[in-house]
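Peer 1: I'd like to ask you about the structure that follows.
There are 2 protein chains.
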Amino acid sequence: MENGNSYRHILKWGDKHEESISHHMAEVIKEKFGLPEADFKRKHLPGTEPVKIDKPSMLKPAQLDFFRSVSGAENIMTDDLSRARFSCGKFYGELLDLRFGLVPDPPDGVVAPRTHEEVEKIISYCSDEGIAVVPAGGLSSVTGAVRAPAGGIALDLTKHLNRVLAVNKVNKTVTVQAGIYGPALEEELNRQGYSCGHFPQSFEYSTVGGWVSARGAGQASTGYGKIEDMLVSVRAVTPAGVIATGDFPRTAQGWDIFRLFAGAEGTLGVITEATLHIFNYAPENTASAGFIFRSFEAAVEAMRTIIQAECGKPHLFRISDPDETDIAFRTSGFDGTLADRVLQMLGFKTGSRCLMFVTVEGEKEYTRFVIRKIKRKARAGKGMYIGTTPVRKWLEQRYSSAYLRDPMMDLGIMTDTLETAVTWENLLNVWKAAHDYVARRAKAFMMIHISHVYENGANLYFTFLSPMEKGNERHDFTTFHRGLVETILKHGGSISHHHGVGRVLAPWMEGHLGRSSMELLRAVKKHLDPNNIMNPGGTLGL
Amino acid sequence: MENGNSYRHILKWGDKHEESISHHMAEVIKEKFGLPEADFKRKHLPGTEPVKIDKPSMLKPAQLDFFRSVSGAENIMTDDLSRARFSCGKFYGELLDLRFGLVPDPPDGVVAPRTHEEVEKIISYCSDEGIAVVPAGGLSSVTGAVRAPAGGIALDLTKHLNRVLAVNKVNKTVTVQAGIYGPALEEELNRQGYSCGHFPQSFEYSTVGGWVSARGAGQASTGYGKIEDMLVSVRAVTPAGVIATGDFPRTAQGWDIFRLFAGAEGTLGVITEATLHIFNYAPENTASAGFIFRSFEAAVEAMRTIIQAECGKPHLFRISDPDETDIAFRTSGFDGTLADRVLQMLGFKTGSRCLMFVTVEGEKEYTRFVIRKIKRKARAGKGMYIGTTPVRKWLEQRYSSAYLRDPMMDLGIMTDTLETAVTWENLLNVWKAAHDYVARRAKAFMMIHISHVYENGANLYFTFLSPMEKGNERHDFTTFHRGLVETILKHGGSISHHHGVGRVLAPWMEGHLGRSSMELLRAVKKHLDPNNIMNPGGTLGL
Numbered sequence: 001m002e003n004g005n006s007y008r009h010i011l012k013w014g015d016k017h018e019e020s021i022s023h024h025m026a027e028v029i030k031e032k033f034g035l036p037e038a039d040f041k042r043k044h045l046p047g048t049e050p051v052k053i054d055k056p057s058m059l060k061p062a063q064l065d066f067f068r069s070v071s072g073a074e075n076i077m078t079d080d081l082s083r084a085r086f087s088c089g090k091f092y093g094e095l096l097d098l099r100f101g102l103v104p105d106p107p108d109g110v111v112a113p114r115t116h117e118e119v120e121k122i123i124s125y126c127s128d129e130g131i132a133v134v135p136a137g138g139l140s141s142v143t144g145a146v147r148a149p150a151g152g153i154a155l156d157l158t159k160h161l162n163r164v165l166a167v168n169k170v171n172k173t174v175t176v177q178a179g180i181y182g183p184a185l186e187e188e189l190n191r192q193g194y195s196c197g198h199f200p201q202s203f204e205y206s207t208v209g210g211w212v213s214a215r216g217a218g219q220a221s222t223g224y225g226k227i228e229d230m231l232v233s234v235r236a237v238t239p240a241g242v243i244a245t246g247d248f249p250r251t252a253q254g255w256d257i258f259r260l261f262a263g264a265e266g267t268l269g270v271i272t273e274a275t276l277h278i279f280n281y282a283p284e285n286t287a288s289a290g291f292i293f294r295s296f297e298a299a300v301e302a303m304r305t306i307i308q309a310e311c312g313k314p315h316l317f318r319i320s321d322p323d324e325t326d327i328a329f330r331t332s333g334f335d336g337t338l339a340d341r342v343l344q345m346l347g348f349k350t351g352s353r354c355l356m357f358v359t360v361e362g363e364k365e366y367t368r369f370v371i372r373k374i375k376r377k378a379r380a381g382k383g384m385y386i387g388t389t390p391v392r393k394w395l396e397q398r399y400s401s402a403y404l405r406d407p408m409m410d411l412g413i414m415t416d417t418l419e420t421a422v423t424w425e426n427l428l429n430v431w432k433a434a435h436d437y438v439a440r441r442a443k444a445f446m447m448i449h450i451s452h453v454y455e456n457g458a459n460l461y462f463t464f465l466s467p468m469e470k471g472n473e474r475h476d477f478t479t480f481h482r483g484l485v486e487t488i489l490k491h492g493g494s495i496s497h498h499h500g501v502g503r504v505l506a507p508w509m510e511g512h513l514g515r516s517s518m519e520l521l522r523a524v525k526k527h528l529d530p531n532n533i534m535n536p537g538g539t540l541g542l
Numbered sequence: 001m002e003n004g005n006s007y008r009h010i011l012k013w014g015d016k017h018e019e020s021i022s023h024h025m026a027e028v029i030k031e032k033f034g035l036p037e038a039d040f041k042r043k044h045l046p047g048t049e050p051v052k053i054d055k056p057s058m059l060k061p062a063q064l065d066f067f068r069s070v071s072g073a074e075n076i077m078t079d080d081l082s083r084a085r086f087s088c089g090k091f092y093g094e095l096l097d098l099r100f101g102l103v104p105d106p107p108d109g110v111v112a113p114r115t116h117e118e119v120e121k122i123i124s125y126c127s128d129e130g131i132a133v134v135p136a137g138g139l140s141s142v143t144g145a146v147r148a149p150a151g152g153i154a155l156d157l158t159k160h161l162n163r164v165l166a167v168n169k170v171n172k173t174v175t176v177q178a179g180i181y182g183p184a185l186e187e188e189l190n191r192q193g194y195s196c197g198h199f200p201q202s203f204e205y206s207t208v209g210g211w212v213s214a215r216g217a218g219q220a221s222t223g224y225g226k227i228e229d230m231l232v233s234v235r236a237v238t239p240a241g242v243i244a245t246g247d248f249p250r251t252a253q254g255w256d257i258f259r260l261f262a263g264a265e266g267t268l269g270v271i272t273e274a275t276l277h278i279f280n281y282a283p284e285n286t287a288s289a290g291f292i293f294r295s296f297e298a299a300v301e302a303m304r305t306i307i308q309a310e311c312g313k314p315h316l317f318r319i320s321d322p323d324e325t326d327i328a329f330r331t332s333g334f335d336g337t338l339a340d341r342v343l344q345m346l347g348f349k350t351g352s353r354c355l356m357f358v359t360v361e362g363e364k365e366y367t368r369f370v371i372r373k374i375k376r377k378a379r380a381g382k383g384m385y386i387g388t389t390p391v392r393k394w395l396e397q398r399y400s401s402a403y404l405r406d407p408m409m410d411l412g413i414m415t416d417t418l419e420t421a422v423t424w425e426n427l428l429n430v431w432k433a434a435h436d437y438v439a440r441r442a443k444a445f446m447m448i449h450i451s452h453v454y455e456n457g458a459n460l461y462f463t464f465l466s467p468m469e470k471g472n473e474r475h476d477f478t479t480f481h482r483g484l485v486e487t488i489l490k491h492g493g494s495i496s497h498h499h500g501v502g503r504v505l506a507p508w509m510e511g512h513l514g515r516s517s518m519e520l521l522r523a524v525k526k527h528l529d530p531n532n533i534m535n536p537g538g539t540l541g542l
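Protein chains in written order, with the numbering used here: chain W, 1 to 542; chain Z, 1 to 542.
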């Protein structure tokens, strides 16, 4: 049982209740990795000890007094548990550290400002004093973007700056404070007949400020766009002053300033407010369809045909590659059923067949029209329609499947995800190269899916599993991870499509973007944050 | 008759053939402004004299030698006509100057580089020597963005850097050199089954580099997006080095560098290549519809309902306000016909009725579906369907209507356009305030339309006409223009939606964006162009 002040309490993703892996999944793992039954009876590196930080808080009494005078004593925390909680996100390497009882990058304290104006005072003061500031939302970063290697303060935006400020039904926009969590935003919007349209897997425990800062993408992004496509304006506090942009739909008044904050990962300032496009909430209109294809290549070709056809777009649009499809079939108990045998006979064979899931949202007749079009095109591309149930089942676990990582790690299994954007032209190259890379490791397994689709390309999302090298867990992971990143980049992928860069992927930024681009990023940073207090210590490779 | 080396040759928009105003239009002008018949027999300030520049070219022999050594002697021009041609765009104030025989801001020479590499050499050299560089495409700027107040060279990108480099059918993108004109691009794309989707009124005489630099919008932008929405990547030469970005559909690797060049108006560097989304070319599928509404308010409400309905989008989507509708009816000879009398009886009265034009492009069944939806919604909003002929007729003159400005000026009529972006909430405010402002001038007339439509707002496009104050033409225009800009900004409009800022609107930048944002623009500029050689002299208010 986890303990409220343990490392495990911090590392555990989800609602902190234990989520165990299913019987089917356990079977798969036993088979793939030859895991002995005994491993299922104990937890590897459970992290159940109480949190203890050796590094003392370096905040001076006068500095603490200042923060207390601005935001109230009850909103300043310097205890070990708070500092540890704000020392990291949910990157695998960070979870491993916590399981080892390590907190390498704690802030010296946590400050929870109550207003935009308090943020202004804090940033101005910290810039003068040279105190590092890490803006913190839901701490769901999987790229090491919310560590505090330079100490200083974590700015907890979720405690107070978490409200919907205005739903504008005429402009179809919502203005929120940056620290609002997904469910609170969506609930209020639904109440008024709208939806935010942004449903990342981290939806339950991530914030609008985090979405924008990391350039997140929701599961229905093919229809609704990524968060930067929904972003209309920002209000941000930087050491060089407040940047507040107008809520025009489009302009031609120089390059867009607000777009600099999409993907800045806290390095330029603190987003305190954002205005976003919103969408009509009409889940009863959603049309969905599942398909199965004989090969990944065929599924990708059908997906590309559909997205380039100019006949309306899906909102959710996914393909699971053969390995992910296999796991989906096995863990759902479908494998070996009569239906499965029929599929195999029809040429939809284990090891090559692929699932495609689609939803279309919007007005009722529109969703019916578009899903009909998609069905026709999928069939023309040799896909077989398999009904809507698989899509519904997938949607039911759309957030909770991420809870599985912790019980996997309890079993001593290394598991992490990477993702990239590719042009259509490079997609199969990157997909194949990544599989080839993982295949070179003994007892390693990788599932890949496409989940965000554009006319010009798509993303690829990689989930890998492999038994940890006991006693060498951290180094083994780092080496393996580095090789996978390099494989992706070498074959034409981007550093990230929607996780962001953080500190984990920062070492590849300059090589990938080029020196001139990197110097430009640094110049923007230098102007807005001359004393380098905003999320310093390597984020984005700045 | 115009002369190939006259001021008139430079100022004339279009194919240099005289375009005279129609009989109907002449009647309207006579009535509105009480213009005597005699004015139609002569030309006011015709600008027919040969071009003569007093200001000598300041390029030193060694500098000229350098340019000749890089790009060949035949690609370096220092004659008066070339210098005058590259001294301005098509802003009304510039045309007036030319008609007065004034060339206030000529470059010292014109250089037409043959390759990207030559641009690199030239920019590097000019940065070292402190020679100003004005990148020039089609010279269609209506904001004073292509003047050379600091002399230096105009970089003619249209002479050599005007090719399609690659059409990528898998990625549905085209990579072009920046100096390619609209028709050349579209012709090659059509040949391969695609369309660029970008048709500004200046299409015939503007270039991809100009579209991107000014953040242009085509007439079908509601469906296809503005040029910045189509932009996938750029290759740009800056004094701080080459910035070349990847052609990923979306990324999360810091903020987007390529987006800084959309709207930079030549102040950051020279875009030499761009990759753009392309679209399926299937004009036979285009569905269109014209509607008439009893009031501007009703038309706007119907437009908003349609664009926010999430049932597919129009590509062309326009409303002409009552004054523009009136002119359209009068100049087409519709006024006073039986059909007109029926419309009036049905309550579609002159002075309040408004035309709405729609096209939907894409797959055949899709365009049929969406146009049906739009018809239903327009009717529900009390619009009357008036067939497709008015839309077709409008499309026939989609580029040539701009040719009218010159014969208007020949009549001594001041005429210019402004445009802005507004949220839906502010649209009627800005529309009304602008009309009220113009109404305060004797013998002034303004037509307004909406032509680029978004879920969160739209643009407003203003065309005004008024007799010039003879003998005080320039000052009178400047004063009147300034008042209109200030009226738009005061009531919630942006500085521009798609014309850009140039030097004409630059004075309003800092007040409108705020000091912090403006300082940020300047910091980016300072980094990329430390010696301030790129389009210097006030562009964007930098």
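Glycine residues also receive a C-beta, built at the ideal position from the N, C-alpha and C atoms.
Please read all numbers here as calculations on a predicted model, not as lab measurements.
(1) Mind pulling the chain W residues with CB within less than 8 Å of Met509 of chain Z?
(2) So with Cβ pairs under 8 Å, would you call Pro249 of chain W a contact of chain Z?
(3) Verify the CB distance criterion: does Leu546 of chain Z have a CB-CB separation below 8 Å to chain W?
(4) Give the C-beta separation of Val270 of chain W and Pro135 of chain W to the nearest angstrom, bearing in mind that I take them to be a contact with Cβ-Cβ under 8 Å.
(5) When the Cα atoms are used, what is the spatial distance from Trp13 of chain Z to Asn75 of chain Z?
(6) Buried or exposed: where does Gln177 of chain W fall if 16 or more other Cβ atoms within 10 Å of its Cβ makes it buried?
(7) Helix, strand or coil: which one does DSSP assign to Ile123 of chain Z?
(8) Given 8 Å as the limit, is there contact between the segment 410 to 419 of chain W and the segment 358 to 374 of chain W, that is, 3 or more CB pairs closer than that?
(9) Take the Cβ of Gln63 of chain W as the centre, count every other Cβ of all protein chains shown within 10 Å, and call the residue buried at 16 or more, exposed below.
(10) Under 8 Å between C-beta atoms, does Asn535 of chain Z make it to chain W?
(11) Kindly list, in the order they appear in chain Z, the residues whose Cβ is closer than 8 Å to that of Tyr125 of chain W.
(12) Just the C-alpha distance for Thr267 of chain W and Arg235 of chain Z, rounded to the nearest angstrom, thanks.
(13) Just to confirm the assignment, what range does the alpha helix (DSSP H) spanning Ala184 of chain Z have?
(14) Should Gln308 of chain Z go down as buried or exposed, given a rule of 16 or more other Cβ atoms within 10 Å for buried?
(15) For Thr487 of chain W, which three-state DSSP category applies?
(16) Between Gly502 of chain W and the rest of its own chain, which residues show a CB-CB distance below 7 Å, the 5 nearest in sequence each way excluded?
(17) Given this structure, state the Cα-to-Cα distance separating Ala252 of chain W from Ala523 of chain Z, to the nearest angstrom.
(18) I'd like to know whether the C-beta of Phe540 of chain W is nearer than 8 Å to at least one C-beta of chain Z.
(19) Counting along the chain, where does the beta strand (DSSP E) carrying Asn429 of chain W start and finish?
(20) At the 8 Å Cβ level, is Glu365 of chain Z part of the contact set with chain W, yes or no?
(21) Can Ala220 of chain W and Leu316 of chain W be called in contact, C-beta distance under 8 Å?
(22) With distances taken between CB atoms, is the gap from Ile319 of chain Z to Met303 of chain Z smaller than 8 Å?
(23) Can a CB atom of chain Z be found closer than 8 Å to the CB of Gly312 of chain W?
(24) What in chain Z is Cβ-close to Arg330 of chain W, meaning under 8 Å?
(25) Contact criterion: CB-CB distance below 8 Å. Does Tyr454 of chain Z meet it with respect to chain W?
(26) Here's the rule: buried if 16 or more other CB atoms are within 10 angstroms of the residue's CB, otherwise exposed. What is Ala458 of chain Z?
(27) Since Gly514 of chain W meets chain B, which of its residues come closer than 7 Å, beta carbon to beta carbon?
(28) Could you check whether the Cβ of Ser496 of chain Z sits closer than 8 Å to any Cβ belonging to chain W?
(29) Check whether the segment 145 to 164 of chain W touches the segment 77 to 92 of chain W, counting contact only when three or more Cβ pairs, one atom from each stretch, lie closer than 8 Å.
(30) Rank Z:Pro530, Z:Asn535 and Z:Ser516 by C-alpha distance to the C-alpha of Val242 of chain W and give the top, closest one.
(31) Just confirm the distance between the C-beta atoms of His491 of chain W and Glu419 of chain W, as a whole number of angstroms; I'd bet it's less than 8 Å.
Peer 2: Inspection of the coordinates gives the following:
(1) Gln253 and Gly254
(2) yes
(3) Any answer about residue 546 of chain Z is impossible in this case: the structure gives chain Z only from 1 up to 542.
(4) 5 Å
(5) 24 Å
(6) buried
(7) helix
(8) no
(9) buried
(10) no
(11) In chain order: nothing, as chain Z lies at least about 18 Å away.
(12) 26 Å
(13) Gly182 to Arg191
(14) buried
(15) helix
(16) Ser141, Thr143, Gly144, Ala145, Glu265 and Thr539
(17) 19 Å
(18) Per the sequence shown, the amino acid found at residue 540 of chain W is Leu instead of Phe. Closer than 8 Å to some Cβ of chain Z, the Cβ of Leu540 of chain W qualifies, so yes.
(19) No beta strand (DSSP E) holds Asn429 of chain W; the alpha helix (DSSP H) holding it covers Trp424 to Ala439.
(20) yes
(21) yes
(22) yes
(23) yes
(24) Near Arg330 of chain W there are no residues of chain Z at all, since even the closest Cβ is about 32 Å away, more than 8 Å.
(25) yes
(26) buried
(27) Checking the listed chains, one finds no chain B in this structure; the protein chains it contains are W and Z.
(28) yes
(29) yes
(30) Z:Ser516
(31) Actually they do not touch by this definition, with Cβ atoms about 14 Å apart.
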